[in-house]
Amino acid sequence: MKQDLSKKSYSVKEATLKLMQFCAYRDRSQKEVEDKLKDMRMIPEAREQIIIKLMQEDFLNEERFARSFVRGKFRIKKWGRIRIKQELKFRDISAPIIRLGMTEIDEKQYVATLYEIAEKKLNLIKETDKLKRRKKLSDHLLQKGYEAGLVYETVDSLMN
Numbered sequence: 001m002k003q004d005l006s007k008k009s010y011s012v013k014e015a016t017l018k019l020m021q022f023c024a025y026r027d028r029s030q031k032e033v034e035d036k037l038k039d040m041r042m043i044p045e046a047r048e049q050i051i052i053k054l055m056q057e058d059f060l061n062e063e064r065f066a067r068s069f070v071r072g073k074f075r076i077k078k079w080g081r082i083r084i085k086q087e088l089k090f091r092d093i094s095a096p097i098i099r100l101g102m103t104e105i106d107e108k109q110y111v112a113t114l115y116e117i118a119e120k121k122l123n124l125i126k127e128t129d130k131l132k133r134r135k136k137l138s139d140h141l142l143q144k145g146y147e148a149g150l151v152y153e154t155v156d157s158l159m160n
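Position one of the sequence shown corresponds to residue 1 (full-length UniProt numbering), numbered consecutively onward.
1. Across the segment 140-158 and the segment 90-104, are there enough close Cβ pairs to call them in contact, namely three or more that are closer than 8 angstroms?
2. Can you tell me whether tyrosine 146 is buried or exposed? The criterion is at least 16 other CB atoms within 10 Å of its CB, across all chains shown.
3. With arginine 64 and aspartate 92 assumed to form a contact (beta carbons below 8 angstroms), what rounded beta-carbon distance in angstroms separates them?
4. Taking just the CA atoms, how far does phenylalanine 22 sit from isoleucine 82?
5. Where do the N-terminal and C-terminal ends of the alpha helix (DSSP H) with tyrosine 115 fall, by residue?
6. Per DSSP, what kind of secondary structure is glutamate 147 in: helix, strand or coil?
7. Alpha carbon to alpha carbon, how far is leucine 60 from alanine 46? Give it in angstroms, no decimals.
8. Contact defined as beta carbons within less than 8 angstroms: I believe lysine 144 pairs with lysine 73. What is the distance between those atoms, to the nearest angstrom?
9. Would you identify the three-state DSSP class for glutamate 104, choosing helix, strand or coil?
10. Take the Cβ of glycine 149 as the centre, count every other Cβ of all protein chains shown within 10 Å, and call the residue buried at 16 or more, exposed below.
11. Going by CA-CA distance only, name the one from Glu57, Leu19, Ala24 and Met55 that's closest to aspartate 39.
12. How would you label alanine 118, buried or exposed, when you count the other beta carbons within 10 angstroms and need 16 or more for buried?
13. So serine 29 and glutamate 57 are supposed to be a Cβ contact under 8 angstroms. How far apart are they, rounded?
14. Among Leu37, Ile76, Arg134 and Lys130, which has the Cα closest to the Cα of tyrosine 110?
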């Protein structure tokens with residue numbers, strides 16, 4: 001097997017500085033940092049040492065990451081709670097930290113956003129059959145990660 005010679009090797013100090021810049025650019029999860037260190041071909045002991053240093057200097061903070069992730073995905077992508085939680089789990093964020101992050105979503109704003117997305121989508125659905133329109137709208141909202149009960153309640157209020 002041919003070894004990839006194009007990859008640079010890093011000292012712990014160089015890697016730490018590189019990861020500090022990586023984390024300063026935007027909040028990162030610990031998994032993202034670990035993946036980056038693996039890509040840099042750092043040994044496990046060095047990876048652990050770098051991650052501890054990043055945490056001590058507050059470059060890496062899972063709670064801060066979870067909170068900004070939740071805010072961003074809700075406000076910008078308009079995702080629902082279910083989708084956001086799944087994405088955080090995928091990034092190996094623990095359940096207590098996910099719960100803390102989810103407190104960033106205001107309930108009134110959440111319902112208003114769901115209603116706004118539903119209205120917008122309903123106007124774009126070309127289907128004339130009422131049941132098919134209802135299904136398309138519900139599927140779209142469920143795919144965005146909103147809770148089924150809330151979706152059906154919203155769809156009912158818009159279509160009646």
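Beta carbons are placed, not taken as given, at the ideal position from N, Cα and C, and that holds for glycine. Keep in mind the model is a prediction, meaning the values are calculated, not measured.
The answer reads as follows:
1. no
2. One-based indexing of the sequence shown puts residue 146 at position 146. Tyrosine 146 should be labelled buried.
3. Residue numbering aside, residue 64 sits at position 64 when the sequence shown is read from its first letter. Residue numbering aside, residue 92 sits at position 92 when the sequence shown is read from its first letter. Not confirmed; about 16 angstroms, so no contact.
4. Translated into the one-based positions of the sequence shown, residue 82 becomes position 82. Translated into the one-based positions of the sequence shown, residue 22 becomes position 22. Looking at the two C-alpha atoms, the distance is approximately 28 angstroms.
5. If you number the sequence shown from 1, residue 115 lands on position 115. Element bounds for tyrosine 115: 107-124.
6. Within the sequence shown, residue 147 is the residue found at index 147, counting from 1. In this structure, glutamate 147 counts as coil in the three-state DSSP scheme.
7. Position 46 of the sequence shown holds residue 46. Position 60 of the sequence shown holds residue 60. Taking the straight line joining both Cα atoms gives about 16 angstroms.
8. The residue given as residue 144 occupies position 144 in the sequence shown. The residue given as residue 73 occupies position 73 in the sequence shown. Their Cβ separation, rounded to whole angstroms, is 10 angstroms, which puts lysine 144 and lysine 73 out of contact at 8 angstroms.
9. The residue you call residue 104 lines up with position 104 of the sequence shown. Three-state result, glutamate 104: coil.
10. The residue labelled residue 149 in the question sits at position 149 within the sequence shown. Exposed, because fewer than 16 other Cβ atoms sit within 10 Å of the Cβ of glycine 149.
11. Here residue 39 is taken as the residue at index 39 of the sequence shown, counted from 1. The candidate whose alpha carbon is nearest that of aspartate 39 is Leu19.
12. Numbered from 1 along the sequence shown, position 118 holds the residue referred to as residue 118. Result: buried.
13. Start at 1 with the first residue of the sequence shown, and residue 29 comes out as number 29. Start at 1 with the first residue of the sequence shown, and residue 57 comes out as number 57. With 8 angstroms as the limit, serine 29 and glutamate 57 do not qualify as a contact, their Cβ atoms being about 17 angstroms apart.
14. Here residue 110 refers to the residue found at position 110 of the sequence shown. When each option's Cα is compared against that of tyrosine 110, the closest is Ile76.
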